[in-house]
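Novice:
Chains as they are written, first to last, in the working numbering: chain S, 1 to 285; chain F, 286 to 682.
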């Protein structure tokens with residue numbers, strides 16, 4: 001287990017992920033303190049990608065728990081498969097032992113991370129989607145690094161403390177006790193300079209003229225006022241993919257205020273109309 | 286160690302817990318922090334749990350480790366004032382150059398931020414000289430823009446350069462946009478809409494939730510337990526009354542209209558009316574306030590559970606509110622003082638709020654704000670204020 005910063009497995013960035021130095025420090029401190037790292041930020045700033053990058057660099061298996069709005073914590077821990085057991089007891093054609101409930105316990109994502117042979121990266125994605133009960137219940141698990149399987153009266157302890165990465169889109173505020181147990185970082189939206197590097201990572205072959213024009217147009221569109229969902233990195237990457245797939249497209253057209261494929265950037269109809277208006281009236285360019 | 290720093294953060298209004306302070310010390314003891322930059326990232330990620338406090342944290346950090354100026358309560362007002370003045374003056378650069386005592390060509394080379402910083406420094410010199418204070422003499426004189434005149438040009442968020450100092454990072458104040466106090470701006474509309482989305486009505490608990498009934502019953506080992514959910518009631522009706530008279534309200538009218546425009550889909554009906562300073566006999570449907578009047582008495586015809594949201598700075602001469610014929614418009618003669626009309630509205634609509642773009646700290650200095658605040662629950666027009674206002678509008682009876 002990592003206990004000091006001088007350990008060899010320090011996180012420094014990955015192939016597909018452009019890391020800023022500040023975030024790297026925060027990741028390293030959280031790993032050393034064995035505290036979960038809570039990441040917030042606009043959608044599309046690479047919160048989820050970070051967990052992938054950490055797993056890749058530190059060569060740890062990555063386990064992803066995609067939180068859903070109706071999710072209960074117990075689903076993330078383990079599941080007792082009553083249906084299979086009922087089926088087995090009626091037809092008895094499986095190798096499982098019906099009288100042994102443990103055979104019918106399946107580990108959920110957190111359970112898998114706890115019982116894994118090696119240290120894992122556990123990504124709890126979009127925790128704000130679930131209700132506050134989920135977060136409160138998770139507090140105990142985070143604190144104790146163990147949970148009970150009630151059906152068989154067994155305690156599962158984490159064999160290796162996973163590296164917790166928790167993301168939130170901040171639809172709801174998380175509860176104070178929960179925040180108290182996490183380190184926090186807010187990933188700011190990348191500036192044009194950073195964005196150029198991100199694009200270089202994703203499109204190594206990309207034409208320079210297209211990059212510059214697309215970035216310029218993108219940041220102008222982002223500055224539009226009163227837009228509910230502003231386009232983010234993900235939209236830019238898809239947009240550039242579309243632009244470079246179009247054989248008729250000339251990058252210089254962007255500078256003249258001719259913006260094709262706006263639907264990739266603006267996905268809410270009101271935002272789209274507003275943006276389309278602004279572009280057609282040439283207020284932006 | 287760093288106890289002073291901890292308390293400064295706390296006093297600045299960032300919620301920090303002693304536990305997290307101990308965690309920070311654990312990090313220090315483990316040798317994870319070897320430079321001020323490390324300390325900056327470590328302390329921020331461990332102590333501060335929301336991006337809205339990042340800006341404040343940056344300011345306190347810069348103050349503590351560099352002696353930068355502490356966050357100024359009047360900072361915002363000053364910012365706004367400086368910006369307004371500059372906007373006007375920028376149209377006549379020569380005049381501005383003379384007034385600030387710098388060369389016109391030098392002026393051209395400054396970014397607007399630098400200009401405002403410079404202007405603020407000058408402004409401070411000015412007040413201090415009037416007050417006879419000595420604090421600013423000496424520090425102000427050496428360079429045109431003083432300590433806050435750093436050139437943000439080269440060092441922005443996410444830069445990869447290794448030689449940024451933590452102080453510089455902190456002094457960049459790159460999280461300024463995330464801090465949630467201060468009046469609403471267009472940029473915050475998205476976040477503010479999320480607060481408005483909480484305006485959803487709910488009926489009594491009279492729907493059976495079959496799934497959780499089965500689950501609870503199974504959990505009770507077969508003893509039947511029926512679980513009820515709230516039924517969704519019809520969507521809300523909203524009346525929005527905006528004070529659009531006078532320049533003091535101008536920046537906010539559009540923000541608020543955009544805001545409700547976007548949230549429109551979730552309301553059953555939204556009606557917008559306009560008034561100037563306060564409400565007398567009539568409200569107007571048209572923004573120019575002369576084509577389509579609607580008498581205040583007619584508002585009694587609206588359903589009483591309609592949500593009434595008023596927006597105004599509530600700042601006027603007391604007689605405008607208290608006296609009969611108080612209106613400053615000579616053609617508007619009124620039978621009742623405005624305050625009676627406001628009371629009538631607040632009695633008609635039991636769910637009502639008044640949103641005020643003026644900062645809370647200023648409310649006590651304007652008698653009419655307190656008077657109106659006693660009639661309508663008043664909230665600041667900021668994201669936090671909006672959140673509280675929504676909570677107030679959703680209160681059951």
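We put the beta carbon where it would ideally sit given N, CA and C, even for glycine. On a predicted model such as this, the values are computed, not experimentally measured, just so you know.
Determine the DSSP secondary structure at residue 430 (chain F), reduced to helix, strand or coil.
Specialist: Because residue 430 (chain F) carries a pLDDT of 33, less than 50, the predicted location of this residue cannot be relied on, and the following value inherits that uncertainty. Here residue 430 (chain F) sits in coil by DSSP.
Novice: The segment 291-320 of chain F: which residues have C-beta closer than 7 Å to a C-beta of chain S, in chain order?
Specialist: Taking 7 Å as the Cβ-Cβ cut-off against chain S, the residues of the segment 291-320 of chain F that qualify are 302, 304, 305, 308, 311, 312, 315, 316 and 317.
Novice: For the segment 661-668 of chain F and the segment 635-651 of chain F, state whether three or more C-beta atom pairs, one from each stretch, are separated by less than 8 Å.
Specialist: Cβ pair count under 8 Å is three or more, so yes.
Novice: Just checking, does the segment 224-235 of chain S make contact with the segment 251-268 of chain S on the three C-beta pairs under 8 Å criterion?
Specialist: Segments in contact, yes.
Novice: Using 8 Å for Cβ pairs, my map puts residue 116 (chain S) next to residue 160 (chain S). What's the rounded Cβ distance?
Specialist: About 7 Å separates the two Cβ atoms, so the contact holds.
Novice: Sorted by chain position, which residues of the same chain lie with C-beta nearer than 6 Å to residue 37 (chain S)'s C-beta, five sequence neighbours on each side aside?
Specialist: Within the same chain, residue 37 (chain S) has close Cβ partners 30, 165 and 183.
Novice: Residue 17 (chain S) by DSSP, collapsed to three states: which one?
Specialist: Note: residue 17 (chain S) maps to strand in three-state DSSP.
Novice: Under 7 Å, CB to CB, which of the residues in the segment 177-196 of chain S have a partner in chain F?
Specialist: Those would be 179, 180, 183, 184, 185, 186, 188, 190, 191, 193 and 194, in chain order.
Novice: Any idea if residue 186 (chain S) is buried or exposed, counting beta-carbon neighbours within 10 angstroms, 16 or more meaning buried?
Specialist: Classification for residue 186 (chain S): buried.
Novice: Which residues, in chain order, does the segment 21-32 of chain S contribute to contact with chain F at a C-beta distance below 8 Å?
Specialist: Under the 8 Å Cβ criterion, the segment 21-32 of chain S contributes 21, 22, 25, 26, 28, 29, 30 and 32.
Novice: Within 10 angstroms of its Cβ, does residue 277 (chain S) collect 16 or more other Cβ (buried), or is it exposed?
Specialist: Exposed.
Novice: Can you tell me where the alpha helix (DSSP H) with residue 581 (chain F) in it begins and where it stops?
Specialist: It is not in any alpha helix (DSSP H) - residue 581 (chain F) carries neither H nor E in the DSSP assignment.
Novice: Does DSSP classify residue 317 (chain F) as helix, strand or coil?
Specialist: Residue state, collapsed to three classes: coil.
Novice: I'd like to know whether the C-beta of residue 102 (chain S) is nearer than 7 Å to at least one C-beta of chain F.
Specialist: By this cut-off, residue 102 (chain S) is not an interface position.
Novice: Measuring only between beta-carbons, confirm whether residue 228 (chain S) sits less than 7 Å from chain F.
Specialist: Judged by the 7 Å Cβ criterion, residue 228 (chain S) is in contact with chain F.
Novice: Report the three-state DSSP secondary structure of residue 35 (chain S) (helix, strand or coil).
Specialist: Looking at residue 35 (chain S) - three-state DSSP - the assignment turns out to be coil, as it is neither helix nor strand.
Novice: Check the C-beta distance from residue 192 (chain S) over to residue 215 (chain S) and give it rounded, since I have them as a contact under 8 Å.
Specialist: 5 Å between Cβ atoms; contact.
Novice: Would you identify the three-state DSSP class for residue 141 (chain S), choosing helix, strand or coil?
Specialist: Correct three-state label for residue 141 (chain S): helix.
Novice: Using a Cβ-Cβ distance cut-off of 7 Å, determine whether residue 336 (chain F) contacts chain S.
Specialist: With 7 Å as the cut-off, residue 336 (chain F) counts as an interface residue toward chain S.
Novice: Give a yes or no on whether the minimum CB-CB distance between residue 326 (chain F) and chain S is below 7 Å.
Specialist: Chain S contact via Cβ: present.
Novice: Nearest CA to the CA of residue 570 (chain F): which residue from F:604, F:305, F:493 and F:525?
Specialist: Ranking the options by Cα distance to residue 570 (chain F), first place goes to F:525.
Novice: Sort S:150, S:90, S:163 and S:108 by Cα distance to residue 62 (chain S) and report the nearest one.
Specialist: The residue with the shortest Cα to Cα distance from residue 62 (chain S) is S:163.
Novice: Taking 7 Å as the threshold (C-beta atoms), are residue 597 (chain F) and residue 604 (chain F) in contact?
Specialist: Cβ atoms of residue 604 (chain F) and residue 597 (chain F): not closer than 7 Å.
Novice: Find the residues of chain F that neighbour residue 40 (chain S), judging by a C-beta separation of less than 9 Å, and give them in chain order.
Specialist: By Cβ distance, chain F contributes 335 and 336.
Novice: Under 8 Å Cβ to Cβ from residue 177 (chain S), same chain only, skipping five residues before and after it: list those, please.
Specialist: Here the set comprises 136 and 139.
Novice: Please report the straight-line C-alpha distance between residue 602 (chain F) and residue 653 (chain F), rounded to a whole angstrom.
Specialist: So the two alpha carbons sit approximately 7 Å from each other.
Novice: Decide if residue 325 (chain F) is buried, meaning its Cβ has at least 16 other Cβ atoms within 10 Å, or exposed.
Specialist: The residue in question, residue 325 (chain F), is buried, as its Cβ has 16 or more Cβ neighbours within 10 Å.
Novice: Given a cut-off of 7 Å on the beta-carbon distance, is the pair residue 70 (chain S) and residue 127 (chain S) in contact?
Specialist: For residue 70 (chain S) and residue 127 (chain S), no; Cβs fall outside 7 Å.
Novice: Mind checking which residues open and close the alpha helix (DSSP H) that includes residue 528 (chain F)?
Specialist: Careful: residue 528 (chain F) lies outside any alpha helix (DSSP H), inside the beta strand (DSSP E) at 522-528.
Novice: Taking buried to mean at least 16 other C-beta atoms within 10 Å of its own C-beta, is residue 575 (chain F) buried or exposed?
Specialist: Result: exposed.
Novice: Name, please, each residue of chain A whose Cβ falls closer than 7 Å to the Cβ of residue 270 (chain S).
Specialist: Included in the structure are the protein chains S and F, with no chain A among them.
Novice: Can you name, in chain order, every residue of its own chain whose Cβ lies under 7 Å from the Cβ of residue 156 (chain S), other than the five neighbours on each side?
Specialist: Taken in chain order, the residues that qualify are 111, 114, 115, 146, 147 and 149.
Novice: Any Cβ of chain S within less than 7 Å of the Cβ of residue 331 (chain F)?
Specialist: True, the Cβ-Cβ gap to chain S drops below 7 Å.
Novice: Report yes if the CB atom of residue 101 (chain S) is closer than 7 Å to the CB atom of residue 151 (chain S), and no otherwise.
Specialist: Yes, the pair counts as a contact, with Cβ atoms nearer than the cut-off.
Novice: For residue 335 (chain F), name the three-state secondary structure that DSSP assigns.
Specialist: The answer is coil: DSSP assigns residue 335 (chain F) none of H, G, I, E or B.
Novice: Please state whether DSSP places residue 500 (chain F) in a helix, a strand or coil.
Specialist: Three-state result, residue 500 (chain F): helix.
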